[in-house]
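Accompanying notes for the structure given below.
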Amino acid sequence: MYFRRFPSLIQTSNFLISKRFAWHSRNVVSSVTWRGKRNFSQSKTIFEEEKNQKNQPKKFAGPITWSSVGLLFVSGAIALGYFSYLKKKRDEQYQKTVESVGKANIGGPFELIDHTGKKVTNDDYRGKFLFIYFGFTHCPDICPIELQKMAQALNKLGKTADLIQPLFISVDPERDTIEKIAKYVKEFHPKIIGLTGTPEQISKVAKAYRVYYSVTPGTKDQDEYLLDHSIILYLMDPEGNFLKFYGKNETVDSLTKNIQQQIKNYLSR
Ligand code: NI
Numbered sequence: 309m310y311f312r313r314f315p316s317l318i319q320t321s322n323f324l325i326s327k328r329f330a331w332h333s334r335n336v337v338s339s340v341t342w343r344g345k346r347n348f349s350q351s352k353t354i355f356e357e358e359k360n361q362k363n364q365p366k367k368f369a370g371p372i373t374w375s376s377v378g379l380l381f382v383s384g385a386i387a388l389g390y391f392s393y394l395k396k397k398r399d400e401q402y403q404k405t406v407e408s409v410g411k412a413n414i415g416g417p418f419e420l421i422d423h424t425g426k427k428v429t430n431d432d433y434r435g436k437f438l439f440i441y442f443g444f445t446h447c448p449d450i451c452p453i454e455l456q457k458m459a460q461a462l463n464k465l466g467k468t469a470d471l472i473q474p475l476f477i478s479v480d481p482e483r484d485t486i487e488k489i490a491k492y493v494k495e496f497h498p499k500i501i502g503l504t505g506t507p508e509q510i511s512k513v514a515k516a517y518r519v520y521y522s523v524t525p526g527t528k529d530q531d532e533y534l535l536d537h538s539i540i541l542y543l544m545d546p547e548g549n550f551l552k553f554y555g556k557n558e559t560v561d562s563l564t565k566n567i568q569q570q571i572k573n574y575l576s577r
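Residue numbers for the sequence shown follow the numbering used here, beginning at 309 and rising by one.
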């Protein structure tokens, strides 16, 4: 209907259209004028113009366009950037909190029993950087993952690892016997020394390192009860002073690099 009516529309506005043609395509106008079939040819030309427009691929057709894909990427990148910014902020805040607590306030003297049954104190490890993790042998996932990371970092550190004494301190003295921790630490790395003690000794060392642990609610009456506990790796200098802590988001690579740097900084003091 629209196209049928179009020629008459052109006839009534002949002047305007020929003006438009003169503007857009002088060649068409001149050939049309020469043939003396002005109206018909003009309408035909308009027809073709319309047709051509219809056949042309539309630039912004459909729900998925390059600009929408681009927009998605950009907004995705912004969101990702924002989240990692928040995470970094939170980590920095945690670091600041720990640092404001004071280096002297993390760590301290302890008396425990090692996995060979020998009584030990913090003085037995003087002269070595301590790499400490608190956990329990019944832990189903987190502790094995963290100890695996500890072991892999030690291997990656190569010669530097000779300066380090890795320690695993149990927060489950009721169940973690000397034999149990001896078997447990061997599963991860030959260098790791397992430490346990009386509940009072464990409570004291955990407090010194600001490590939290408590029976997971609802698991207390079961044989295989679980413990909630802080998941932190500590690096102490050879005099027993706090150097750095590492959360569970740390990778083996970042752990290795940072320990290397911490030791390098310490030795160049
Ligand atoms: Ni655990």
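Where is the CB? At the ideal position from N, CA and C, for every residue including glycine.
Keep in mind the model is a prediction, meaning the values are calculated, not measured.
Along the chain, where does the alpha helix (DSSP H) containing residue i start, and where does it finish?
{"i": "Pro474", "result": "Careful: Pro474 lies outside any alpha helix (DSSP H), inside the beta strand (DSSP E) at 472-478."}
{"i": "Thr373", "result": "From DSSP, Thr373 is part of no alpha helix (DSSP H); its letter is neither H nor E."}
{"i": "Ser538", "result": "Premise fails: Ser538 is in no alpha helix (DSSP H) and is neither H nor E."}
{"i": "Lys552", "result": "No alpha helix (DSSP H) holds Lys552; the beta strand (DSSP E) holding it covers 550-554."}
{"i": "Lys457", "result": "450-465"}
{"i": "Ala490", "result": "486-494"}
{"i": "Ser562", "result": "560-575"}
Given the structure, does residue i come close to the ligand NI, in the sense that its CB is under 7 Å from one of the ligand's heavy atoms?
{"i": "Gly443", "result": "yes"}
{"i": "Ile450", "result": "yes"}
{"i": "His537", "result": "yes"}
Looking only at its chain, what residues have a beta carbon closer than 6 Å to the beta carbon of residue i, apart from the 5 residues adjacent to it on each side?
{"i": "Ser422", "result": "This sequence places Asp at residue 422; Ser is not what is there. So the qualifying residues of the chain are Val428, Ile501, Leu503."}
{"i": "Thr527", "result": "Tyr533, Leu534"}
{"i": "Gln473", "result": "Tyr433, Lys436, Leu438"}
{"i": "Phe355", "result": "Because the pLDDT at Phe355 is just 47, under 50, the model does not fix this residue reliably, and the value given afterwards should be weighed accordingly. If we look at Phe355 and ignore the five residues flanking it on each side, it has no Cβ neighbours."}
Among all the DSSP beta bridges, which residues are the ones paired with residue i?
{"i": "Ile421", "result": "Lys427, Thr504"}
{"i": "Ile440", "result": "Leu475, Tyr542"}
Taking the alpha-carbon of residue i as reference, which of the options has the nearest alpha-carbon?
{"i": "Asp480", "options": "Val560, Lys494, Ser522", "result": "Ser522"}
{"i": "Tyr554", "options": "Pro417, Met458, Trp374, Ser375", "result": "Met458"}
{"i": "Glu454", "options": "Val513, His537, Ala469, Lys572", "result": "His537"}
{"i": "Lys512", "options": "Gly425, Phe442, Ser376, Gly378", "result": "Phe442"}
{"i": "Gln460", "options": "Pro498, Gly548, Gln569, Ile571", "result": "Pro498"}
{"i": "Val493", "options": "Arg518, Ile440, Ala514, Ile386", "result": "Ile440"}
{"i": "Glu626", "options": "Ala387, Phe476, Glu508, Glu495", "result": "Outside the displayed range of the chain (309 to 577) lies residue 626, so it cannot be described from this structure."}
{"i": "Glu558", "options": "Thr373, Ile539, Thr524", "result": "Ile539"}
{"i": "Ala448", "options": "Glu547, Thr524, Leu541", "result": "The question names Ala, but residue 448 in the sequence shown is Pro. Taking only the C-alpha atoms, the option nearest Pro448 is Thr524."}
{"i": "Thr564", "options": "Asn463, Ile450, Thr506, Ser376", "result": "Asn463"}
{"i": "Lys426", "options": "Thr506, Arg577, Ile486, Lys491", "result": "Ile486"}
For the beta strand (DSSP E) that residue i lies in, which residues bound it at each end?
{"i": "Tyr521", "result": "521-523"}
Keeping to the same chain, check which residues put their C-beta closer than 7 Å to that of residue i; ignore five residues upstream and five downstream.
{"i": "Asp545", "result": "Phe437, Leu551, Tyr574"}
{"i": "Asp484", "result": "Phe444, Thr445, Ser478, Thr504"}
{"i": "Gln568", "result": "Leu465, Thr468"}
{"i": "Lys488", "result": "Thr445"}
{"i": "Ser321", "result": "The predicted position of Ser321 is uncertain, since its pLDDT is 45 and thus under 50; a value taken from the coordinates is nonetheless stated next. Excluding sequence neighbours, Ser321 sits near nothing in its chain."}
{"i": "Gln570", "result": "Leu543, Leu551, Lys552"}
Tell me which residues share the same chain as residue i and place their Cβ nearer than 8 Å to its Cβ, disregarding the 5 neighbours each side in the sequence.
{"i": "Ala516", "result": "Ile414, Gly415, Gly416, Pro417, Phe418"}
{"i": "Lys572", "result": "none"}
{"i": "Gln456", "result": "Phe496"}
Comparing the C-beta of residue i with each C-beta of chain B, is any distance below 8 Å?
{"i": "Ile567", "result": "As a matter of chain content, chain B is missing from the structure shown, which is built from one protein chain."}
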